[in-house]
Every structure is written in C-alpha cells, then in structure tokens.
Amino acid sequence: MYLEEQLSDPDVISDMDRYRKVNREYKELKPIIEAFSEYTLLVGNIQTAQQMAREEKDPDLKEMASEELAELLPQKENLEEKIKQLLIPKDPEDAKDVILEIRAGTGGDEASLFAGDLYRMYTKFFAEKGWKTEVLSTSEGAVGGFKEIVLEVYGESVYGQLKFESGAHRVQRIPKTESQGRVHTSAATVAVIPKVEEEEINIRKEDLRVDVFRASGAGGQHVNRTESAVRMVHIPTGLVGESQDSRSQIKNREIALQRLYVKLMEKQRDEQMSSLAAQRRSLVGSGDRSEKIRTYNYPQNRVTDHRLEGDVKNFNLEQVVEGQLEGVIEALQLAENAEKLKSGGDQE
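Numbering of the sequence shown is given in this note's numbering, commencing with residue 213 and proceeding in unit increments.
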C-alpha cells in the first residue's frame, strides 16, 4: 500500500504511533517525488524543443525553440542539483524533538544576559516555525538573563535544524554594566540533545544502576525537599546520565535516560565511524565550551558562523537576534550536504 493511501487507512489512523511514522516518511519522500515529476516534465519539454530546433523549417518557430532551450537547459541543471541534494541520506535523528540547554559561560553577569538573549532569539524562531516548547528548569542571573535554562522543543524536523546550534556562542558588545564604554567578550554554551522514543533505547535493565537524590537547587527557585534528582549509570561502560532539571522524578528519569542514550550512541558511533564522526563534529560541534561556533558582534552589526567560509559566513545581527535563523541554518545544511557528497565521491 502506498504511503498516501496508508494515511487515510482507518487502521493506521487509529494507531497514532504508526500514523506519525507513516506521515513522517510521507513528508520526507514527497519533495523527492515532486522534484522527479517536475524533472520528467522538464526533460520532455527539452526533447520537444530540441526536435523543433533540428527539424522545423519555419525560421520563427526554429528561433522560438532555440529561445525555449536557452531557458529550459539551466532549469534542468538547477533541478538536477536539487534532486542530488534531496537524495543525500538524511540523519535518522533529524526528525526528532530535542532537549535544548543554554548556559552562561565566561563573562559573569554579561554572560547570563547573553544567555537570556539567546533564549529570546530561539523562542522567536520556534514561534515562526510553529514549534511548541516546555521549560524544564531555569536559574536566573543576578542582573537578568539566565545562568542556565533547559527546555524541550516539539515540532517537525526540530533536531535536523537545531543540531547546528550546539557549541559555544560568543558575544562582543558594550555591556550594560560597563561604565566606560568598552567592548567586552562573553560567551554562552548551547547543547541540543535529540529525544528518543522509548522503544529505541535498547539498554538491559541489569546493566543499569539508578540512583535518586535530592536536587541541589539549580533546577529552579523552589527548595527541593524530595529525592527527585536521578542519576543513571550504564555499568558496562561507566557512562552516566543525570538530571535534576525538573521537580518531577519521572521527568528527571526520562531526561537522564535521554542523556545516557545520547552518550552511548556517541560512543558507538565514534568506535564504528570515527572518520565520519570527526567530519560531523567539525561542522556541527559537540557543545563543548572550548568550541567557538559563532560570534555576535554588536559594534559591527554582524553575526559570524566560524564553520562557514567566505562571504556566506556573515549575517545581519539585528535579523538573527530577532529569530531570523533560516539563512544561517540553510547555509550550514548546504555545507553539511557538500561534505556528505564529497565523502560519498571519495568512497566510490
């Protein structure tokens, strides 16, 4: 049964998990099918125009066919490039929702203010995309902004776009706390963790140790009197997933398991595909504080993404901080696809 037919099948509609999977696959394939249909029609028009240019006796019609070819051939070239991009294998995690963590880095109060600015930038972008959010925890800065804020983001292909935000974000500007008008440099870190479905997590219960403890207070402004924080240890590897972000122990168990799963997946990938993982980290970043991925330069009204090259790496700061991140994300997606094409070509 075709995917489009399955979407109207009562058996599929009644099973929400199955319906979501079919709908996701349909949405992923639809652009490829549409592009191929457009390409087939375009090739047919080109062949007709070429035949007219060769065989037509009427000079006016012959010239008309030549003019049409001059328009159609570049369209064919552009469409071939588009199809090539669409056929690049997608990261299966791109469709997933995420846990987004923003933390103030070096720079004291100014770093907290910048973390707050990043949060406002992202929420404006989420609203534009129609995505939903749930704040899990906040720790406010002394003069505003956040020492840290953790939230879940739900929507269509969330990780596929937000994965490029992981890393250290640097800001250069005159802080509100600066009395002499000097430009300071501060930083905040962003970590984007893809959420996984429970059935995807294949961890044996006997290999898992779960500890609960009282949260230290960073997970909000309440005083935690219950053991709601959760630490999960994967005994064979020693890897740890921990969360005290939520007041709810159930929610913290879920987040801790997500973090542990991500660490296990990264370990497995590094072991099996070390070269590919290195290419991915160089483009996407891992969220480590030492990785400067982007600079927000207020005096020059410019945002520079250091993973890009040439003129394409600079963007208008006023637009970016207002949540207009599409241009930045598209440039990074194109760079990632170019790397994948290059890698594929090297392997052939």
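Idealized CB from N, CA, C, for every residue including glycine. If you're wondering where the values come from, they're calculated on a predicted model, not measured in any experiment.
Distance CB(residue i)-CB(residue j) smaller than 7 angstroms
i, j, result
"V347", "E313", "no"
"A210", "L285", "Because the chain in this structure spans residues 213 to 560, residue 210 falls outside the shown range and cannot be described."
"D306", "G356", "no"
"A354", "D321", "yes"
"A543", "V515", "no"
"S398", "A468", "no"
"A339", "F358", "no"
Nearest-angstrom Cβ-Cβ length linking residue i and residue j, presumed shorter than 8 angstroms
i, j, result
"V402", "E377", "5 angstroms"
"I295", "A247", "5 angstroms"
"K375", "V395", "So it is not a contact: roughly 31 angstroms between Cβ atoms."
"V365", "K308", "V365 to K308, Cβ: 10 angstroms. No contact."
"A400", "R315", "6 angstroms"
"V442", "V422", "7 angstroms"
"G367", "G342", "6 angstroms"
"V540", "V532", "7 angstroms"
Residue i versus residue j: straight-line alpha-carbon distance, rounded
i, j, result
"L537", "E454", "31 angstroms"
"P387", "D457", "29 angstroms"
"L273", "M264", "8 angstroms"
"N290", "L476", "40 angstroms"
"Y510", "V383", "8 angstroms"
"I244", "S226", "28 angstroms"
"R592", "G379", "The structure shown does not extend to residue 592, since the chain is modelled only from 213 through 560, so no value can be given for it."
"E279", "R385", "54 angstroms"
"E275", "Q297", "34 angstroms"
"I311", "V255", "45 angstroms"
"L529", "L546", "21 angstroms"
"S220", "T345", "29 angstroms"
"F337", "G535", "4 angstroms"
"N257", "R266", "14 angstroms"
"V240", "R416", "The question names Val, but residue 240 is Glu in the sequence shown. Cα to Cα, the separation comes out at about 32 angstroms."
"E237", "Q218", "11 angstroms"
"G319", "E360", "14 angstroms"
"L472", "I447", "11 angstroms"
"Y334", "K463", "23 angstroms"
"L553", "P271", "44 angstroms"
"K233", "F425", "37 angstroms"
"Q470", "H518", "29 angstroms"
"F527", "P222", "48 angstroms"
"S249", "E292", "12 angstroms"
As assigned by DSSP and simplified to three states, the class of residue i
i, result
"Y508", "strand"
"S458", "coil"
"R382", "strand"
"R421", "strand"
"R514", "strand"
"I245", "helix"
"S278", "helix"
"E268", "coil"
"L469", "helix"
"A400", "strand"
"S487", "Residue confidence is low: S487 scores 45 on pLDDT, short of 50, so the model does not pin down where it sits. No coordinate-derived value is stated."
"R519", "coil"
"R230", "helix"
Residue i at chain C interface by Cβ criterion, 7 angstroms
i, result
"E322", "Protein chain content of the structure displayed is limited to a single chain, and chain C is not contained in it."
What are the uninterrupted segments assigned as alpha helix (DSSP H) that are 4 or more residues long and contained completely in the region 294-352, given in chain order?
321-341
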